[in-house]
Structure formats: C-alpha cells, structure tokens
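All residue numbers for the sequence shown refer to our numbering, where the first residue is -10 and numbers rise by one. Think of the CB as a built atom: it goes at the ideal place given N, C-alpha and C, for glycine as much as any other residue. These notes are about the structure you will find just below.
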Amino acid sequence: FESNGLPKNHNWIDVYNSAQGVLFSTQKGVYRYNYKKDMFYIDTVLGLDYSSSKRWVYPITEDNNSNLWLSSGVEGIFDKETAVAYYKGQGKKYLLKSVPFRKIKDYIIESIYPDFNNVVWFGGFDGLIRFDPKYYNNAPIFLKTILRQVIIGHDSIVFCGVSTTNDAITGISDTLIPKFQYRYNHITFNFSAPFFESPEYVFYQYYLENFDKEWSTWEHIHLKEYTNLYEGQYVFHVRAKNIYNNLSKEATYHFIIKPPVWRTWYAVLIYLVLLASFILMLLKWRAYSYAQEKFKLEYLLAERTEELVKQKERAEDLIANILPKDTAEELASKGHATRKKYKMVTVLFSDVQGFTQIAEHMNPEKLLDELDKFFLQFDIVVEKLGIEKIKTIGDAYMCAGGIPQKNRTNPIDVIMSAIEMQQFMKILRKESVNEWDIRIGIHTGPVIAGVVGSKKFSYDIWGDTVNIASRMESSGKAGEINISEVTHELVKDFFDCEYRGKLPVKYKGEIDMYFVKGIKPELSVNSEGIMPNEEFFKKLQFIRFTDLEETLMNKLDKGLPQNLYYHNIKHTIDVMVQVEIFGLGENVSRDELLLLKTAALFHDSGFLIGYEDHELLSIKIAKDILPQYQYTDQQIKTISEMIFATKFPPSPRTKLEKILCDADLDYLGRADFIPVSQSLFRELYERGKIHSIDEWNKLQYEFIRNHQYYTET
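Written out as structure tokens, the structure is:
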C-alpha cells in the first residue's frame, strides 16, 4: 500500500470506521482512501496538524453522535494531546476541542469508551479516567498576574504588594513612579498567577519597555532579573497563560533609574565648565606662549629696527646737512633729484683775506680749527635767516638765498647774513693774534640748482649769477660787502650803500658795484646800522606778504572746487582790493593795512577743506601758514578774529573787523550786484541750501533791507 499513498516505513496501522468514512491511523498521521483513484490521502477534516509527518493518532472511537474521541502525539517526544472532534455534518470539517482534556495531556491513553449520558471513559497505564461534559464549565477562566516583589540591588525590597481593580490585579499605580539611584540599577521582579489547576502548566511572558525589543518566550518561571540598566524611564510588563491557554492581563511596574552623578545635567554642566576652563587655560597658555614669542621677536625686531632707524636717521641727517630738505626727500623717494630753475636767487661768496700767508706760519691743525670756528658761525647765521649753504672750498664759503624755498626777501636776508659775518670777524680779530678778515661778494639773478654725483651727493648751483657773485667777491675789499647793481636795486630801501665803480664782466659788459655800509639808521637799533629794529621787520613783512599772496593764490587756484561760483579766487581778489581801498579811506596804519590784506587773503581759504564752517577752517589754515612768514602770535590772533567776524551774520567789533566785513559784502552796493547775487544763488542751490529762486529773492530782500555797512567809507 505504500505505493498507493501510505507513508513509507510505517510500523503500524489501525483502521477505524466513522460517519465520514474509514480512517487509517499510522504513526505518521491519519489517512483516508479514495476508491476511484485507489489512493490513500492525508486526512483534512479532523483538524489535526500533520505537517511534520510525525503526528500519530491512537485510539479513535466514535460515539452515538458521530463524534470522534481520540488521543494523539508526536513521534519521538513525549507530547500527548487528548481531544474530541465534534461531528458537524456529512462532508464538513470536525470541530476539534482539546482544552477540556489538557489536565490529562501527559497520560497515555490506550482505549476510549463512550458511555451513556455523554460520559466517556479513558483507559491507560496511569489508570481509568471518567469525563462527564456536564461538569465541564465552558466559561472563560479569569486569570490574574500579580507582581509580588520588586527588589533593587541584591536585598532591598521596594515593592511587595498589589493594587487590585475590578478587572485586574496590577502593580503599583502608574502615577507613583519610584526613582532609584544609579547604583541600584540591578533590579529583580517576582511575579505569579493564582491558578491552581496544573500550576506546572502556568507560563509567563515578560518584557522591559525601553530595554527589551519584544516579549520573551513563554517560560515556567516566577522571577526575572535585570542588571546594569542604563539611566532612564522603564516599564516592566508581565502576563501569564494557564493550561487552558487563558491569557491574563498585563501587570506593569513603572520605575526610573536616575543617572549617575557623573551623568547628571549639573555634572555635564560642570564638565562643560571644566572643558571650557581647560580650553580657556589652553588658549591663554598658547596666547601667553605666543605673546612671549611675539615679545621676543618684537624685542629683537625693535632692536634691529632701532638700529636701522638710527642708521637711517644718521644717513638722513647727513643728507640733510648736505642737501636741502625737499631735494633730500625727492632723492629718497625717487632715487634722483630734478634740477630746478630759480628766477631770483642771491648768491654770497666769502674768502679769507691773506689766507695763504697765514697758512704758511700756522700749524695745519690749528688752522683748520680756526677755519672751523668761523665757518660754524657762518652756518648758524645762514640757517637762522633761511639761507642755503652750498659749499666750502678751502677758505671760501658759498651760500645762496631764495633756494630751495622761493622768496622775494632773499637779497635782504643774504646781506643781513653778510653783516653778521663781518661783525663776527671783527670780534674774532680782537681775540686772535692773526689778522683774520674776509671779503664778501653778492649778486642776485637766475640760477639752476640740483644734485651732482651718484654716490657722493653734492648740492650745487650753476649760472652767470654764480660767476658774477664770485667776481663781486674777488673784486671786493677785506672787511667790506661788495654787491652788484641788481642786488643794490633790490635792497637800497633797507641798507646804506656806497657806489664804488664798474666791473667788466665777460659777455655782460660792465656792472656797477656797491659797498654795503650798514642798515639805514631809521631801520636799525640805535641808528648804528648793525641790528635791525622793529620798523625794519615791518617793512620787510610787506615783501614777505607778496610771497605769501603768491603761494596762497596758487593753492586757491588749484584747490578750490569748480562749483564755487561765488566763493572763488575772484571773490578773494575783490575783497583784497576793497580792504585796501576801505583801509586807506579809514586812515589805518601801514601795519594795520598789512593785517587787513592778510585776513582778506585767508578769509575764504577754508573752502579748500570744506564748505560748512569755512571760517573756522580758514583760521586753521592761517595759523598753519603764517608762522612760516614771520607773523607774530599777536598778528595771527588779530587776523583770526577778523576772519571769524565775517561768519554770517557778520559780527564785527573792532575797526579792522568792520572794514573786512564791509569789503566782503561790498557787492551789495555795486552795479554788478545782480550777476554776483546769481552766482551765490547757483552755488547755494547746488548744495541744497536754497530750493527755489522765489525763496532766494525773499532772503535777499530781507537781507538787503536789514543790512548796514559798518564804515563810513
């Protein structure tokens, strides 16, 4: 029959009759027979699982109601199951029930006998068993799981009771969640289910929320232990299943494991503080190390820089002693200096009279000491008067006025230096046994000045003026200052001169010569002709003003904005002309007229810097420039006050301030008022000071109606 569907190598086979046909029971399942196909096939109506091919059924007994009573097991293991398969009709699947027989699942059933009144007898090696359905309660069994104890550590019981509700016996209330120190992260749960029918078949399943991933397998244990739990919130779940597969509700226990001290928020904060402190200390240490290293480098750099600066300063001082400041700066920045032409330079030559004879009888070192003595004094004199020393050759000394800074006072300055040189030589003659005396020759004219040499620099001047000055010296007389006619014409108002004849000069014809006898008596102290008095300097100041005027006019012409239609260089010239007219009309002194013209020259110079508060800016420029032209502090103060008085609205207090204010607004009463006024309107309009011609006309009307001049002129 094995070839017809029965399992191979079966040891036994039992045949049973049933309402749904003959059953063939083997140690590998229950089979039925298909007559048409002449084949055995596995039973599918009893409801038993034969998938393992090891399920056997023995015995099978049918009662009067066509129900099948049976016992089954699995080959090779002691796993028995007694059940009844209730008949549901022909062709329908039996309803298999094994739960009522779970209590005898381990019994070996050899025979089954259905009796009267639905009583069934089971016989086996373990005895005779009677089953009466009327004593079997089909109602579900209420199974409860109780959490009996919770132990932390090894011996500390923290929970030993229950909380009972109507439908469950559970653990401690969820709202009272205990918190355990981290050292108690070893926790044990003791649980049970009060079911006393076959307690050995009560199984438990558990899982710890936030620790286990899923429920455990069913186990017959009453205790679960967890060790080394991490800090956090946990919920322990446990449930039971009895022999009848009734499942209890879960018993739960909520608890919290506190973090260890070293993992608390304040510990983390301390760690962060310590880390920040460490980083800060490290940064400070590195900064300190860096600062120390930087200090060493800076100190070394400073030492070397200081040495380089000293060398540079020595080099610059040396160059400054050799070259004019502007030329030295140009040479340092460009590597070369441009030669310049000067229209009016006064050149002085001096020479020691009888030097050759003196040198023959004097020790060379003493001779050099003597020369150094009066050349040093000459240097002091020319530096004081703003004259440029050119060179010394043997006993000859050469200097020039009007270079590198151009000025019109250089003939007077050079002659003043010559007078001081001669006076020094007179004193020296009285103190020395040697008859030291010098000849001085001076001429004024154009020259070319520049630097010669590429390694050893030398500042020099060239031109006929130099040659004529040299001829003036060689044609002079010891103790005298010999000047040319050109120079005489420029200084005759300051010095008394004596005509001494003509000098033939190659390519120039004959040149008149004059001896300078001294400063005019009225311009000298005590009329001695040696020291200039106050009148001398006042007179000289007018010549300096011409230089000042030329310098500032050039600045204004090049530096004033193009959209200054009113406050331009034309307005400055106009005010200068008017202050001179008003000054003469008001009988001011010559000194006061100089102050007026200077204030008029500077009063709008502030526009070189800015438009707002230009009067204050003009005062600043005046204070910076005027000392260079020998203006006294009192003169500068008076000029500054006059400039400030022109600030709109004018507020003059002194006579000079009133004259300047009238000159500044003189156009109000002139025929060119309209075009001048339109220029001022355009200037203010472009700067947003005036917004319309109507607004301007109203302002002009009110201004003219209320304006008054401060002087009768």
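Nearest-angstrom beta carbon gap, residue j and residue i [assumed within contact, 8 Å]
i: Asp121; j: Val108; result: 5 Å
i: Pro393; j: Leu479; result: Wrong, their Cβ atoms sit about 20 Å apart, outside the cutoff.
i: Phe534; j: Thr587; result: 7 Å
i: Leu606; j: Gly595; result: 3 Å
i: Pro48; j: Ser7; result: That pair is no contact at about 13 Å.
i: Val147; j: Phe178; result: With a Cβ gap of about 11 Å, Val147 and Phe178 do not count as contacting.
i: Phe531; j: Ile508; result: That belief does not hold up - the Cβ atoms of Phe531 and Ile508 are roughly 17 Å apart, past 8 Å.
i: Asp115; j: Ile97; result: 7 Å
Residue nearest to residue i in terms of C-alpha spacing, selected from the options
i: Leu165; options: Tyr242, Leu132 and Glu478; result: Tyr242
i: Phe633; options: Tyr620, Pro616, Ile610 and Ile614; result: Ile610
i: Thr732; options: Ala589, Leu654 and Leu597; result: Any property of residue 732 remains undetermined from this structure, which presents the chain solely from -10 to 702.
i: Tyr554; options: Gln667, Asp536, Thr454 and Val494; result: Gln667
i: Asp655; options: Tyr503, Gln16, Leu269 and Met565; result: Met565
i: Ser513; options: Asp453, Gly498 and Asp485; result: Asp485
i: Gly391; options: Ala256, Met414 and His432; result: His432
i: Val336; options: Glu359, Ala407 and Ile66; result: Ala407
i: Met542; options: Asp563, Leu529, Asn522 and Glu523; result: Asp563
i: Asp536; options: Arg460, Gly599, Thr398 and Glu523; result: Thr398
i: Glu538; options: Val494, Tyr618, Glu601 and Asn471; result: Tyr618
Cα-Cα separation, residue i to residue j
i: Tyr76; j: Phe225; result: 45 Å
i: Pro664; j: Leu492; result: 59 Å
i: Asp104; j: Asp52; result: 8 Å
i: Gly80; j: Gln9; result: 7 Å
i: Asp3; j: Arg21; result: 12 Å
i: Val403; j: Pro641; result: 41 Å
i: Thr643; j: Met631; result: 8 Å
i: His211; j: Tyr5; result: 45 Å
i: Thr154; j: Arg44; result: At Thr154 the pLDDT is 47, less than 50, meaning the model places this residue with poor confidence and gives no usable figure here.
i: Thr540; j: Leu417; result: 41 Å
i: Gly375; j: Gln346; result: 34 Å
i: Asn396; j: Lys687; result: 48 Å
i: Met387; j: Ile379; result: 6 Å
i: Gln551; j: Tyr698; result: 30 Å
i: Glu517; j: Tyr620; result: 25 Å
i: Ile268; j: Leu290; result: 31 Å
i: Gln567; j: Asp613; result: 25 Å
i: Leu264; j: Ala280; result: 23 Å
i: Ile158; j: Phe184; result: Annotation note: pLDDT 49 at Ile158 (below 50); position unreliable, no value reported.
i: Leu365; j: Leu573; result: 47 Å
i: Ser55; j: Arg137; result: 49 Å
Residue i and residue j closer than 9 Å at C-beta
i: Gly465; j: Gln411; result: no
i: Trp451; j: Val440; result: no
i: Val11; j: Val46; result: no
i: Phe244; j: Gln222; result: yes
i: Thr381; j: Glu575; result: no
i: Ile427; j: Val341; result: yes
i: Leu649; j: His592; result: yes
i: Met520; j: Ser473; result: no
i: Tyr171; j: Glu220; result: yes
i: Ala182; j: Ile232; result: no
i: Ile130; j: Ile93; result: no
i: Thr50; j: Leu59; result: yes
i: Arg91; j: Ser187; result: yes
i: Ile625; j: Pro639; result: no
i: Val334; j: Gly490; result: no
Spatial neighbours of residue i in its chain, beta-carbon cut-off 6 Å, leaving aside the 5 residues before and after
i: Met28; result: Asn(-7) and Gly(-6)
i: Phe169; result: Ile141 and Ile246
i: Ala74; result: Leu35, Leu57, Tyr83 and Leu85
i: Glu462; result: Phe338, Asp340, Arg428 and Gly430
i: Lys330; result: Ile437
i: Tyr488; result: Tyr503
i: Ser87; result: Glu70 and Ala72
i: Leu597; result: Gly548
i: Leu545; result: Ile558
i: Gln194; result: Trp204, Ser205, Trp207 and Arg228
7 Å Cβ shell around residue i - same chain, five flanking residues per side excluded
i: Asp580; result: Lys527
i: Phe571; result: Ile648, Asp651, Ala652, Thr700 and Thr702
Residue i beta carbon near the ligand HEM (any heavy atom closer than 8 Å)
i: Met405; result: This structure lacks the ligand HEM, and indeed carries no ligand of any kind.
8 Å CB neighbourhood of residue i in its chain, flanking five on each side removed
i: Lys497; result: Asp453 and Ile457
i: Asn217; result: Asn174 and His175
i: His603; result: His556, Asp593, Gly595 and Phe596
i: Lys17; result: Pro(-4), His(-1), Tyr39, Ser42, Lys43, Arg44, Trp45 and Glu64
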